[in-house]
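0 is the number of the first residue of the sequence shown in numbering that gives the first Met the number 0; add one for each residue after it.
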Amino acid sequence: MESGAVLMKRMSIAACLGATLAVAGCASTGNTSIRRETAETIDQKIHDDQTTQQQVRTLFGDPMVISFTDGGHEIWQYDFMTTRPNGTNFIPYYGVFSSGSRGMRKSLTIIFNNGIVWHHTLSASAVRTHQGL
């Protein structure tokens, strides 16, 4: 039979592990329609001087940002980012002083001229955050 102190300690450890697993998941933000896209798959779907705004909206939904150039071209911006916390975040004491995350950010930019794609590009880059000392 376990003593009350040992049982409480085991229950505390189990609760901490459960909380850690709940927090340790991925986080994502932005337009999920570009999550699995690459420059090659985008080029298969969007063709400069052919694809219309309505076709783009059907493929990817509404853009996160719409802006305009000085020349009157309309710019649609789609962004998606996914991050995962670093494993060191969950090391007792160490995680308090040094924590962060890593992930990937994708950005699809489409420039329209009179409702037709004039130019488009998809960029993807690794992202890292760091907090603490």
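Just so you know, even glycine gets a beta-carbon here, dropped at the ideal spot from N, CA and C.
Assigned with DSSP and collapsed to three states, D78 falls in strand. Considering only I74, T31 and G60, the residue with the shortest C-alpha distance to K105 is T31. In chain order, S98 and G99 place their CB closer than 7 Å to the CB of Q130, counting only its own chain and leaving out the 5 sequence neighbours on each side.
In this structure, the CA atom of I45 is about 14 Å from the CA atom of Q76. Ranking D69, R127 and R35 by CA distance to the CA of F111 puts D69 first.
When rounded, the separation of the alpha-carbon atoms in E73 and W117 is 10 Å. In this structure, the beta-carbon distance from L107 to F67 does not fall below 9 Å.
Straight across, the Cα-Cα distance linking G102 with D42 is about 24 Å. DSSP lists I74 as the bridge partner or partners of S66.
I45 carries a coil assignment under DSSP once its states are collapsed to helix, strand and coil.
Relative to T51, the option among V126, S122 and I109 whose CA is nearest is I109. The continuous beta strand (DSSP E) containing R127 extends over residues I115 to G131.
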